[in-house]
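With my numbering, you'll find the sequence shown wraps up at 1558, consecutive numbering, no jumps.
The beta-carbon is built from N, C-alpha and C at its ideal position, and this holds for glycine as well.
Since the model is a prediction, treat every value here as computed from it, not as a measurement.
Below is one structure, written out as structure tokens, with a few remarks after it.
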Amino acid sequence: MGLTARIRTRDGWAVSHAVVTVTDMTGTQVLRAEADAEGAVRDTTELAPGAYTVIVTAVGYAPAASSAIVTASGRAEVGTVTLARQGGTELPPPGPWTIDPVHSSVAAAAQHLGISSVHGRFTQFGGTIAIAPDDVTKSRVEAVIRAASVDTGNTVRDTHLRSGDFLDVERHPEITYRSTGLSQAGSDRWTVHGELSLHGVVRPVDLDLAYLGTGADPWGGTRAAFRATAELHREDFAMHYNQVLQAGIAAIGTTLKVELDIQAVQGDSLPQA
């Protein structure tokens, strides 16, 4: 019996100590519970069968409300409640923003042997974001990645990835992305249209972008957080190497799933360490 729920951010992190309030159809509060450090709510208060409204609040997040039906068991299973950062329904304030590589990540995963994934990341990158003041769809993103900074946690594999079979870092030391447009895909989701230059080939690539919100940092600045994903095909960038095993299964998949977790600092430069 009682109430169970999980409180999460849009990118899956627990919202610790969120407050869950349950009201009946007359608006009377019948339960108030606080999430633990893992964002979990487990309250044993027995509720009468019927319909209720569940409201979740947390400092720095926009409130979320949903309906819940309590069965004869007296149990209400709310499931996962996702909270958006306050201000998350818009983009950050206009002007220049600088990507902070120390608090950001550029990662990719490829299928291995048809049964699992190999994960890698680039450790050296930077970029800028310019939020347009009048027409937000004219905002711009530019990023540069050092191809030789690829890191999958295996020296032999990383050396092969830097070779001419894949990134060919001697001839193509930089991977660049420049946006060409921006379109809204939801209240806090956007599609970034742009061109990716990889392995000497330039191709249009769209990023599915979620804006996670803006907040102050300990150094007196303002930061904005984004999460973006894309899917690339190696053949589109002239990387045709593969090894087919006896069973007919490719050792390495041809599709790359790219995940970007970006934190940007307001202004045209990073704070001094």
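The beta carbon of Y1346 lies closer than 7 angstroms to those of V1300, L1368, A1369, R1370, Q1371 in the same chain, with the five residues before and after it left out.
Nearest C-alpha to S1358 among R1442, A1333, S1464: A1333.
When the alpha-carbon of G1324 is set against those of T1294, T1311, D1553, Y1337, the nearest one is in T1294. In the displayed model, R1488 falls within a strand according to three-state DSSP. The beta-carbon separation of F1451 and H1445, rounded to 7 angstroms, stays under the 8 angstroms limit for a contact. If the five residues before and after W1382 are omitted, its C-beta is found closer than 8 angstroms to the C-beta atoms of T1413, I1414, A1415, I1416, A1509, A1549, V1550, Q1551, G1552, all from its own chain and listed in chain order. In the three-state reduction of the DSSP assignment, H1445 falls in the helix class, which pools H, G and I.
A direct Cα-to-Cα measurement between S1352 and T1306 gives close to 12 angstroms. Taking R1512 as the centre and dropping the five residues before and after it, the same chain places the C-beta of R1295, D1296, L1494, A1495, L1497, E1544, L1545, D1546, I1547 closer than 8 angstroms to its C-beta, in chain order. The beta-carbon distance between H1484 and A1433, rounded to whole angstroms, is 13 angstroms. This is too long to meet the 8 angstroms contact definition.
Nearest Cα to G1335 within the set L1467, V1315, V1403, A1349: V1315. Scanning its chain for C-beta atoms nearer than 6 angstroms, with the 5 sequence neighbours on each side dropped, one finds around V1421 the residues L1376, in chain order.
In the DSSP secondary-structure assignment, L1483 is bridged to V1486.
For A1350, the closest C-alpha among the options W1504, V1366, Q1557 is that of V1366.
Counted as a single uninterrupted DSSP element, the beta strand (DSSP E) harbouring G1335 occupies residues 1335-1342. When beta bridges are read from the DSSP output, E1319 appears opposite V1304. The three-state secondary structure of A1549, taken from DSSP, is strand. Around the C-beta of T1499, 16 or more other C-beta atoms lie within 10 Å, and the residue is accordingly described as buried. Separation of R1406 and D1309 (C-alpha to C-alpha, rounded to the nearest whole angstrom) is 49 angstroms. Taking the Cα positions, I1384 is about 28 angstroms away from I1292.
Rounded to the nearest angstrom, the gap between the Cα atoms of G1449 and L1555 is 34 angstroms. A straight line joining the alpha-carbon of T1476 with that of Q1469 spans about 6 angstroms. Separation of the CB atoms of V1486 and E1459 is rounded to 13 angstroms, and the pair is thereby denied contact status at 8 angstroms.
In the structure shown, S1402 falls within a strand segment according to DSSP collapsed to helix, strand and coil.
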